[in-house]
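Below you'll find the structure, written out as C-alpha cells, and then a few comments.
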Amino acid sequence: MPERIITMSEALNEAMFNEMKKNSDIILLGENVSSSFRGPTKGLKDAFGRERVRDAPISETSFIGAGIGAAITGLRPIVELMLVDFGLVAMDQILNQMGKTTYMSGGAVKIPITLRAVIGAGTSSGATHSESLYSLFAHMPGIKVVLPSTPYDAKGLLTSSIRENCPKVFLEHRLLYNVKGNVPKEEYTIPLGVANTCNEGNDVTIVASGLMLHESLKAAEKIKNKVSVEVIDPRTIYPLDEETILKSLQKTGRLIVVDEDYRYCGFSAEIAALAAEKAFKQLKGPIYRLATPNTPFPFNPRLERELLPNAEKIEKLIQKVIGE
Amino acid sequence: MLVNDKFLGITSYLMSKIVLDNDKFLELYRVMIRIRTYETTLRTLSREGKIPARFGMYTGQEGVATGVSAHLKKDDQIGSTHRPVGHLIAKGINLDKLTAELCGKATGFNKGKAGSYHIFDPETGCLGANGIVGASVPMCAGYALRNQIKNDGRVTVSYFGEGGSNQGGIQETLNLAACWNLPIVFICENSSPVVQRMLGHEMDYPQLTIDNVSIRAAGYGMPGSTHDGWDVEEVYRVAGEAINRARSGKGPTLLEFKVHQFEGNLEGRLEANEKDKPFCPIDVLEHKLRIRQILKKDTEEKIRLEELELVQKAVKFALSSPEPDIKEAYTDVFGGAF
Numbered sequence: 003m004p005e006r007i008i009t010m011s012e013a014l015n016e017a018m019f020n021e022m023k024k025n026s027d028i029i030l031l032g033e034n035v036s037s038s039f040r041g042p043t044k045g046l047k048d049a050f051g052r053e054r055v056r057d058a059p060i061s062e063t064s065f066i067g068a069g070i071g072a073a074i075t076g077l078r079p080i081v082e083l084m085l086v087d088f089g090l091v092a093m094d095q096i097l098n099q100m101g102k103t104t105y106m107s108g109g110a111v112k113i114p115i116t117l118r119a120v121i122g123a124g125t126s127s128g129a130t131h132s133e134s135l136y137s138l139f140a141h142m143p144g145i146k147v148v149l150p151s152t153p154y155d156a157k158g159l160l161t162s163s164i165r166e167n168c169p170k171v172f173l174e175h176r177l178l179y180n181v182k183g184n185v186p187k188e189e190y191t192i193p194l195g196v197a198n199t200c201n202e203g204n205d206v207t208i209v210a211s212g213l214m215l216h217e218s219l220k221a222a223e224k225i226k227n228k229v230s231v232e233v234i235d236p237r238t239i240y241p242l243d244e245e246t247i248l249k250s251l252q253k254t255g256r257l258i259v260v261d262e263d264y265r266y267c268g269f270s271a272e273i274a275a276l277a278a279e280k281a282f283k284q285l286k287g288p289i290y291r292l293a294t295p296n297t298p299f300p301f302n303p304r305l306e307r308e309l310l311p312n313a314e315k316i317e318k319l320i321q322k323v324i325g326e
Numbered sequence: 524m525l526v527n528d529k530f531l532g533i534t535s536y537l538m539s540k541i542v543l544d545n546d547k548f549l550e551l552y553r554v555m556i557r558i559r560t561y562e563t564t565l566r567t568l569s570r571e572g573k574i575p576a577r578f579g580m581y582t583g584q585e586g587v588a589t590g591v592s593a594h595l596k597k598d599d600q601i602g603s604t605h606r607p608v609g610h611l612i613a614k615g616i617n618l619d620k621l622t623a624e625l626c627g628k629a630t631g632f633n634k635g636k637a638g639s640y641h642i643f644d645p646e647t648g649c650l651g652a653n654g655i656v657g658a659s660v661p662m663c664a665g666y667a668l669r670n671q672i673k674n675d676g677r678v679t680v681s682y683f684g685e686g687g688s689n690q691g692g693i694q695e696t697l698n699l700a701a702c703w704n705l706p707i708v709f710i711c712e713n714s715s716p717v718v719q720r721m722l723g724h725e726m727d728y729p730q731l732t733i734d735n736v737s738i739r740a741a742g743y744g745m746p747g748s749t750h751d752g753w754d755v756e757e758v759y760r761v762a763g764e765a766i767n768r769a770r771s772g773k774g775p776t777l778l779e780f781k782v783h784q785f786e787g788n789l790e791g792r793l794e795a796n797e798k799d800k801p802f803c804p805i806d807v808l809e810h811k812l813r814i815r816q817i818l819k820k821d822t823e824e825k826i827r828l829e830e831l832e833l834v835q836k837a838v839k840f841a842l843s844s845p846e847p848d849i850k851e852a853y854t855d856v857f858g859g860a861f
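Line by line, the protein sequences give chains A and B. Following the working numbering, the numbering of the first sequence begins with 3 at its first residue and continues without gaps. Following the working numbering, the numbering of the second sequence begins with 524 at its first residue and continues without gaps.
Structure, rendered in C-alpha cells:
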C-alpha cells in the first residue's frame with residue numbers, strides 16, 4: 003500500500019467525517035465548530051448541516067451538559083472544548099454528571115459522548131491556556147482518557163472513541179496538529195487501552211504520551227549508540243495498558259516517566275506506583291519522573307521552557323539512570 | 524403580604540374560568556393524593572430507619588408536577604432535582620421500583636445505586652433526579668436537542684427551584700435553549716419566603732433580590748410568567764400553553780410557580796404548624812371540587828383508599844426485596860462489560 007502522508011489535524015477530520023457520514027446520530031457541538039478555519043472540524047458543517055454541526059454560545063456548562071443529555075437520549079455527540087482549561091468552568095457537568103450518571107443509574111443509561119479538547123504548553127499562552135489535565139480526568143471515575151500522539155493513532159483512536167458507549171475525554175495536543183504521518187484512507191480503529199511500543203530497547207523504559215512521546219523519541223535517537231531505550235506510548239491514560247509497561251520493565255529494569263501534566267498526584271505517579279507494586283523485583287534502581295512541576299505556566303518563553311520536559315532533559319536523565 | 528394574597532387568591536380561584544372537565548379534575552386529584560400519600564408513608568419508613576438516608580420532600584408542591592405532567596406523554600422527558608418524588612410520580616413512574624430504589628434494594632430502578640437523589644427511569648422519561656442543585660438543567664437541554672434533531676414532537680420539562688435559579692448552569696442553559704430554539708419548558712418552583720424563614724433558612728443576605736424569577740426570562744429572550752403553584756387548575760392551564768408552544772417548535776418558556784414546602788426541603792427537618800399550611804394544593808383543589816360538586820365524599824374516600832393501597836403494596840415490595848449483590852459495587856462504571 004502506498005504511503006499517504008497527512009497531518010494529525012486532517013486525520014482527526016477524516017475520522018469525524020467518516021463516522022458522521024455513516025451515522026446520523028453523531029452530532030458535533032462547540033464554540034465555532036462551523037468555522038472553515040479550524041483544521042479538525044473543517045468542512046463538517048458544509049457536509050452535514052448546521053443542525054448536526056452546531057455552534058454553541060461560550061458557556062461550557064450548558065453545551066457540555068447538552069451533549070451529555072443528547073447522549074443519554076440516544077445521540078452520539080462529539081463536543082469540542084476549544085481548550086481543556088476552559089473545561090474547568092464545567093467540572094460539575096464533566097465529573098459529576100458525565101462521569102457518574104451511568105453508575106448512579108445502575109446502568110439504566112449510557113453516555114456515548116466524546117469530549118474533544120485541545121491541550122498543551124509550549125506556545126507562550128500562559129497559565130490558563132497551556133495545561134494538559136489528563137491526570138485530573140483520569141483520577142475521576144467513569145471517564146476514559148485518550149491522548150493520541152501521531153496522525154495514525156489520532157484517526158484510529160477517535161474512530162474508536164466515537165463508537166464506544168461511554169464518556170471519553172479525547173485530548174489533542176496543539177503542537178501535534180501539524181505533525182505529519184502515514185494514515186490509510188480506509189477506516190480502521192485502535193482499541194482504547196492498548197499501548198504502542200514506539201521504539202524497542204533493552205536498557206531503560208520510557209513511558210510518555212502526546213508531545214512528550216516525540217521528545218522522548220528524539221532523546222532515544224540521539225543517545226542510541228550508547229543506550230538502548232524502549233519508548234512506550236500508552237495512547238490512553240485510562241484505561242491503562244499495564245501489561246505492555248510491565249513486560250518492558252522485565253526486560254529493562256529501569257523506568258523513566260515523561261509527563262507534560264503536573265507532577266504531584268499525576269499520571270507519572272500512577273505509572274511509578276504501577277512499577278513499584280507489580281515490577282518491584284525487576285527494578286534495578288529508582289523510578290524517575292520528568293514532569294511539569296506544580297507551578298502555573300508562565301507567559302515568558304524562557305520561563306515556560308524551564309518548567310517543561312524536553313528531549314535534552316530526557317537525554318540527561320537517561321544518562322543519569324544508566325550511570326547508576 | 525403573602526397572607527393577604529392568599530385570601531384574594533382563593534376568591535379568584537373560585538371565580539376563575541373552569542378549564543378542566545370533571546374527569547380530568549378527578550385524575551389530577553388522584554395524582555396529587557398519590558404523591559401526598561406516598562411521601563407521608565415514606566416519611567414513616569424513613570423514621571423507622573428503613574430508608575438509609577433522608578430524602579427530599581415535595582409535600583405541598585403537588586399541584587405543580589401534577590398540572591405539568593398532565594400534558595406530558597410517556598416519551599417526553601423530565602429532569603428533576605434532589606426532591607424528585609413528586610415529579611417522578613406525576614410522570615408515571617412505577618411505585619414499586621421507586622420505593623425499592625429509595626430503600627437501596629436490588630429491585631430498584633437503579634439497583635440501589637441512585638437513592639432519591641439520582642433516580643433515572645428512561646422508560647417513563649424520568650431522566651434524572653440530581654444531587655447537585657441545578658445540574659439536571661443543562662442535561663435537559665440535551666434531551667430537547669435530541670427531540671429537535673429527531674423532530675418527533677417530544678418535549679422536555681426541566682424543574683428547578685428558586686435557589687437553583689442562581690446557578691450559572693441554569694443561566695447558561697436558558698440562553699442556550701433560546702439560541703437553539705429548543706423544545707423545552709423550564710419550571711421554577713419558588714418556595715415561599717415564609718416557609719424559608721420557618722426552616723431557619725432566612726439569611727442575612729437574600730438569595731434573590733427579585734420576587735419573581737420569571738422576569739429573568741426576558742433577559743434570555745423567551746417568555747416567562749409567574750403563577751400560583753397551589754392551584755393545579757392554573758398550573759394545568761399555563762403549562763399546557765408552554766408545552767404546546769415547545770411541541771410546535773416555537774421554542775422555550777420559563778414558568779415560575781409559587782409553592783410552599785410543608786415538610787421542609789429534607790424529610791424530618793420540619794414539623795409545620797397547621798397555621799403555616801395556608802396554600803395546600805390538595806385543600807384548594809378539594810375545595811373547588813366540592814363547590815363545583817365534582818367530588819363527592821364517597822369518591823374522595825375511594826380515591827384515598829386506592830392510593831393508600833397502591834403505596835402500601837410498593838412498600839411491601841421494597842421491604843421484601845433483596846439487597847444488591849456485593850459485586851454490584853463495581854459494575855456499571857462504564858456501562859456494559861469493562
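Glycine is no exception: its CB is placed at the ideal position from the N, C-alpha and C atoms.
Where the alpha helix (DSSP H) through residue i begins and ends
i, result
"A/N20", "M10 to K24"
"A/Q284", "Premise fails: A/Q284 is in no alpha helix (DSSP H) and is neither H nor E."
"A/K216", "With the sequence shown as reference, residue 216 of chain A is identified as His, and Lys is not the correct amino acid for it. Segment G212 to K224, the alpha helix (DSSP H) holding A/H216."
"B/E823", "K820 to L842"
"A/H141", "Y136 to H141"
"A/L319", "A313 to G325"
"A/K47", "L46 to R54"
"B/V608", "V608 to A613"
"B/S561", "A small correction: the amino acid at residue 561 of chain B is Tyr; Ser does not occupy that position in the sequence shown. First-last of the alpha helix (DSSP H) with B/Y561: N545 to R570."
"A/G108", "Neither: A/G108 is in no alpha helix (DSSP H) and is coded neither H nor E."
Neighbouring residues, chain A, relative to residue i (Cβ below 7 angstroms)
i, result
"B/K634", "G108"
"B/D855", "T104, Y105, G108 and G109"
Given residue i as reference, the closest of the options once Cα atoms are compared
i, options, result
"A/P59", "B/D855, B/A700, B/F578 and B/V807", "B/A700"
"A/Y264", "A/A129, A/S134 and A/M106", "A/S134"
"A/I70", "A/R52, A/V147 and A/P114", "A/P114"
"B/E823", "B/D544, B/L551 and B/T564", "B/L551"
"B/F709", "B/T732, B/G687, B/P775 and B/D675", "B/P775"
"B/P746", "B/Y759, B/S737 and B/W753", "B/S737"
"B/K673", "B/G772, B/K547 and B/D855", "B/G772"
"B/A841", "B/R815, B/G691 and B/G638", "B/G638"
"B/E669", "A/E202, A/D27 and A/A277", "Note on residue identity: the sequence assigns Arg, not Glu, to residue 669 of chain B. Nearest of A/E202, A/D27 and A/A277 to B/R669, Cα basis: A/D27."
"B/L833", "B/K547, B/G744, B/F548 and B/T564", "B/T564"
"A/A72", "B/Y728, B/V660 and B/W753", "B/V660"
"A/L305", "A/M22, A/T125, A/L30 and A/T103", "A/T125"
"B/V678", "B/S844, B/I642 and B/C649", "B/C649"
"B/S843", "B/R827, B/M580 and B/C626", "B/C626"
Integer-rounded CB distance, given that residue j should sit under 8 angstroms from residue i
i, j, result
"A/G101", "A/G144", "4 angstroms"
"B/V755", "B/P706", "Actually they do not touch by this definition, with Cβ atoms about 24 angstroms apart."
"A/V147", "A/Y136", "5 angstroms"
"A/A17", "A/L149", "That belief does not hold up - the Cβ atoms of A/A17 and A/L149 are roughly 15 angstroms apart, past 8 angstroms."
"A/R291", "A/A274", "6 angstroms"
"A/F301", "A/L309", "With 8 angstroms as the limit, A/F301 and A/L309 do not qualify as a contact, their Cβ atoms being about 12 angstroms apart."
The beta strand (DSSP E) enclosing residue i, as first and last residue numbers
i, result
"A/V260", "L257 to Y264"
"A/V147", "K146 to V148"
"A/G32", "I28 to G32"
"B/V660", "Premise fails: B/V660 lies in the alpha helix (DSSP H), S659 to K673, not in any beta strand (DSSP E)."
"B/C702", "Careful: B/C702 lies outside any beta strand (DSSP E), inside the alpha helix (DSSP H) at G691 to C702."
"A/L251", "Here A/L251 belongs to no beta strand (DSSP E); instead the alpha helix (DSSP H) covers E244 to T254."
Contact set between residue i and chain B, taken where Cβ atoms lie within less than 8 angstroms
i, result
"A/P298", "Going along chain B, no residue has its Cβ under 8 angstroms from A/P298, so there is no contact; the nearest lies around 23 angstroms."
"A/C200", "Chain B residues near A/C200: none, gap ~26 angstroms exceeds 8 angstroms."
"A/D94", "I655, A658 and G692"
"A/P288", "Per Cβ cutoff of 8 angstroms: no residues; A/P288 is ~33 angstroms from chain B at best."
Interface partners of residue i on chain A, CB under 9 angstroms
i, result
"B/F643", "I74, T103, M106, S107, G108, A110 and V111"
Partner residues on chain B for residue i, Cβ-Cβ distance less than 7 angstroms
i, result
"A/P59", "N698, L699 and C702"
"A/T63", "P661, G691, G692 and E695"
Per-residue contacts from residue i into chain A (C-beta, under 8 angstroms)
i, result
"B/Q600", "T75"
"B/L650", "G71, I74, T75 and V111"
Within chain B, partners of residue i - CB distance below 9 angstroms
i, result
"A/G212", "Chain B residues near A/G212: none, gap ~23 angstroms exceeds 9 angstroms."
Chain-ordered residues of the stretch 819 to 837 of chain B with a beta carbon less than 8 angstroms from chain A: For the stretch 819 to 837 of chain B, the beta-carbon criterion of a distance under 8 angstroms to any beta-carbon of chain A is satisfied by none of its residues.
Chain-ordered residues of the stretch 687 to 700 of chain B with a beta carbon less than 7 angstroms from chain A: Those residues of the stretch 687 to 700 of chain B that come within reach of chain A (Cβ to Cβ, closer than 7 angstroms) are G691, G692, E695, T696, N698 and L699.
Residues from the stretch 657 to 674 of chain B in contact with chain A, defined by Cβ distance under 7 angstroms: Listed in sequence order: A658, P661, M662, C663, A664, G665, Y666, L668, R669 and I672.
Short-range partners of chain A found in the stretch 731 to 750 of chain B, where Cβ spacing is below 9 angstroms: Of all residues in the stretch 731 to 750 of chain B, none has a Cβ within less than 9 angstroms of some Cβ in chain A.
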